[in-house]
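Colleague: What follows is a single structure, and I will ask about it in a moment.
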């Protein structure tokens, strides 16, 4: 009898669950998930609405009656149905990203972006790539409120204005940011220091001005920095001392003591000043060093000759660099390209330079070099390009290497 009563009780409870529906907490969670999915869909459709030209029809599947997770090309979701990736790069899309709503908007008129951030699904979006399109306007600051974002790539577009500081307000999970090849201006925001897990940042080929900030190296894991092709200024001997893991430095500063991992260092085409520090010799793994087209001064440190792995050395077009070509450069046995043109170098071409027998290109034009062209340069049997014009040199190059004569 007791067992029958127990079975009847379980049956009644089961029927009650079916009739009354899930527990309030479960229902609330379902409603929140549905609201989040609706907000995400609105965001995506609003983005499409700001696109004025889609020549390849990349966003054709983004329609009101579709399911973003199932139907929207370039949109990827997790198992819970939340958007985690938006990849619409290389589509030649013309338009803008949705602008931030006016600060005067009343609380009951939040923009879609504010609703997205408030409801929580923004925590799932970890990759946003709209690179290689024709998007313009300002970089929306609301992107900085996406706490789960790990990759942000807006490169190769036509974005303008300053980089909003709020872009780096909640970037504790961000690993890589690329805003390169746009028309951005103004300084690099110091708030980049908030991105404690940042590995790489590319701000190259913009119109950025101001000094190179030390905060750019504050993220302890950062190993890729590029800001070449801007108009950055300031000294180069007291920056970047915090970088612990740099492997590629395509930027506008030089100091990097005891950085054995650093192999590529391009600082060209900025407005950097100061001298080349002898501590550059501590970058023992350096293979590529380009300091051209800056306002560097002082002399070429002979310590560069200890960089045994260096194959390309470009120091040209720095009118403040004086002194002579260091004889110690002969220590770079694997050197293939040496450019010291349009400096204010004087003295003779060191005979020891012929020890760089793998040299392919030597450009020392536009200086005040004197003396006789060393005939020992014939040791450079691989030399294909030699430019010594606009100096005060004597002698002939007719007896130089067979590759050069041909």
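Numbering (the numbering used here), first residue to last: 37 to 442.
Think of the CB as a built atom: it goes at the ideal place given N, C-alpha and C, for glycine as much as any other residue.
1. In this structure, does DSSP put residue 315 in helix, strand or coil?
2. Between the C-alpha atoms of residue 374 and residue 348, what's the straight-line distance to the nearest angstrom?
3. Quick one: what's residue 260 bridged to in DSSP?
4. Straight-line CA distance for residue 381 to residue 361?
5. Does DSSP classify residue 92 as helix, strand or coil?
6. Contact defined as beta carbons within less than 8 Å: I believe residue 325 pairs with residue 354. What is the distance between those atoms, to the nearest angstrom?
7. Between residue 317 and residue 343, how many whole angstroms is the CB-CB distance? I'm expecting something under 8 Å.
8. For residue 420, which of helix, strand or coil comes out of DSSP?
9. How many angstroms separate the CA atom of residue 231 from the CA atom of residue 407?
10. Assuming residue 175 and residue 134 form a contact by the criterion Cβ under 8 Å, report the distance between their Cβ atoms to the nearest whole angstrom.
11. Assuming residue 330 and residue 308 form a contact by the criterion Cβ under 8 Å, report the distance between their Cβ atoms to the nearest whole angstrom.
12. If you run the structure through DSSP and keep just helix, strand and coil, what is residue 394?
13. Looking only at C-alpha atoms, which of 91, 179, 101 sits nearest to residue 122?
14. Which same chain residues, not among the five before or five after residue 91, have their C-beta less than 6 Å away from its C-beta?
15. Is the beta carbon of residue 239 less than 8 Å from the beta carbon of residue 255?
16. Looking at the unbroken alpha helix (DSSP H) that takes in residue 2, where does it start and where does it end?
17. For the putative contact between residue 423 and residue 390, defined by C-beta atoms under 8 Å, what is the C-beta separation to the nearest angstrom?
18. Straight-line CA distance for residue 106 to residue 219?
19. Enumerate in chain order the residues of its own chain whose CB-to-CB distance from residue 97 is below 6 Å, with the five nearest sequence positions on each side excluded.
20. Determine whether the beta carbon atoms of residue 171 and residue 210 lie at a separation below 8 Å.
21. Look up residue 344 in the DSSP assignment and say whether it is helix, strand or coil.
22. To the nearest angstrom, how far is it from the Cα of residue 397 to the Cα of residue 115?
23. Alpha carbon to alpha carbon, how far is residue 320 from residue 411?
24. At the level of alpha carbons, what is the spacing between residue 338 and residue 371?
25. Kindly indicate which residue of 311, 368, 113 has the alpha-carbon position closest to the one of residue 72.
26. Over the uninterrupted beta strand (DSSP E) stretch that includes residue 358, give me the two end residues.
27. By Cβ distance, which residues of its chain are closer than 7 Å to residue 84, with the 5 residues on each side in sequence left out?
28. From residue 415 to residue 284, what distance separates their C-alpha atoms?
Modeller: So, from the data block:
1. For the purposes of this step, residue 315 is taken as the residue at position 279 of the chain shown. Residue 315 falls in the helix class under three-state DSSP.
2. Taking the first residue of the chain shown as 1, we reach residue 374 at position 338. Taking the first residue of the chain shown as 1, we reach residue 348 at position 312. Spanning the two alpha carbons is a distance of roughly 6 Å.
3. In the chain shown, residue 260 corresponds to position 224, counting from 1. Beta-bridge pairing links residue 260 to 236, 284.
4. Looking up residue 381 in the chain shown gives position 345. Looking up residue 361 in the chain shown gives position 325. Each residue's Cα considered, the two are about 7 Å apart.
5. Here residue 92 refers to the residue found at position 56 when the chain shown is read from its first residue. Coil at residue 92, not helix or strand.
6. On the chain shown, residue 325 is found 289 positions in, with the first residue counted as 1. On the chain shown, residue 354 is found 318 positions in, with the first residue counted as 1. With 8 Å as the limit, residue 325 and residue 354 do not qualify as a contact, their Cβ atoms being about 13 Å apart.
7. Looking up residue 317 in the chain shown gives position 281. Looking up residue 343 in the chain shown gives position 307. About 6 Å separates the two Cβ atoms, so the contact holds.
8. Working through the chain shown from its first residue, we reach residue 420 at position 384. In the structure shown, residue 420 sits in coil (DSSP, three-state: anything other than H, G, I, E or B).
9. Numbered from 1 along the chain shown, position 195 holds the residue referred to as residue 231. Numbered from 1 along the chain shown, position 371 holds the residue referred to as residue 407. Cα to Cα, the separation comes out at about 54 Å.
10. Within the chain shown, residue 175 is the residue found at index 139, counting from 1. Within the chain shown, residue 134 is the residue found at index 98, counting from 1. No, residue 175 and residue 134 are not in contact; Cβ-Cβ is about 12 Å, not under 8 Å.
11. Stepping through the chain shown from its first residue, residue 330 is reached at position 294. Stepping through the chain shown from its first residue, residue 308 is reached at position 272. Their Cβ separation, rounded to whole angstroms, is 4 Å, which keeps residue 330 and residue 308 in contact under 8 Å.
12. One-based indexing of the chain shown puts residue 394 at position 358. Coil, per DSSP.
13. The count along the chain shown starts at 1 and reaches residue 122 at position 86. Among 91, 179, 101, the Cα nearest to that of residue 122 is on 179.
14. The residue you call residue 91 lines up with position 55 of the chain shown. Excluding residues within five positions, the ones whose Cβ falls inside 6 Å are 128.
15. If you number the chain shown from 1, residue 239 lands on position 203. If you number the chain shown from 1, residue 255 lands on position 219. Cβ distance not < 8 Å, so residue 239 and residue 255 don't count as in contact.
16. Residue 2 is absent from the structure shown; the chain starts at 37 and stops at 442.
17. In the chain shown, residue 423 corresponds to position 387, counting from 1. In the chain shown, residue 390 corresponds to position 354, counting from 1. At roughly 17 Å, the Cβ-Cβ gap does not stay under 8 Å, so residue 423 and residue 390 are not in contact.
18. Position 70 of the chain shown holds residue 106. Position 183 of the chain shown holds residue 219. Those two C-alpha atoms are separated by around 35 Å.
19. Here residue 97 corresponds to residue number 61 of the chain shown, with the count starting at 1. So the list reads 107, 108, 109, once near-sequence residues are dropped.
20. On the chain shown, residue 171 is found 135 positions in, with the first residue counted as 1. On the chain shown, residue 210 is found 174 positions in, with the first residue counted as 1. Cβ atoms of residue 171 and residue 210: not closer than 8 Å.
21. Residue mapping note: residue 344 aligns to position 308 of the chain shown, counting from 1. DSSP places residue 344 in coil when its eight states are reduced to three.
22. Residue numbering aside, residue 397 sits at position 361 when the chain shown is read from its first letter. Residue numbering aside, residue 115 sits at position 79 when the chain shown is read from its first letter. About 57 Å.
23. Position 284 of the chain shown, counted from the first residue, corresponds to residue 320. Position 375 of the chain shown, counted from the first residue, corresponds to residue 411. Distance between the alpha carbons of residue 320 and residue 411: 31 Å.
24. Along the chain shown, one-based indexing puts residue 338 at 302. Along the chain shown, one-based indexing puts residue 371 at 335. Computed Cα separation, rounded: 15 Å.
25. As a first step, residue 72 must be located in the chain shown, where it is residue number 36. Closest by alpha carbon: 113.
26. Residue numbering aside, residue 358 sits at position 322 when the chain shown is read from its first letter. First-last of the beta strand (DSSP E) with residue 358: 356-359.
27. Here residue 84 refers to the residue found at position 48 of the chain shown. Only 95, 98 meet the Cβ criterion.
28. Start at 1 with the first residue of the chain shown, and residue 415 comes out as number 379. Start at 1 with the first residue of the chain shown, and residue 284 comes out as number 248. For residue 415 and residue 284, the distance between alpha carbons rounds to 33 Å.
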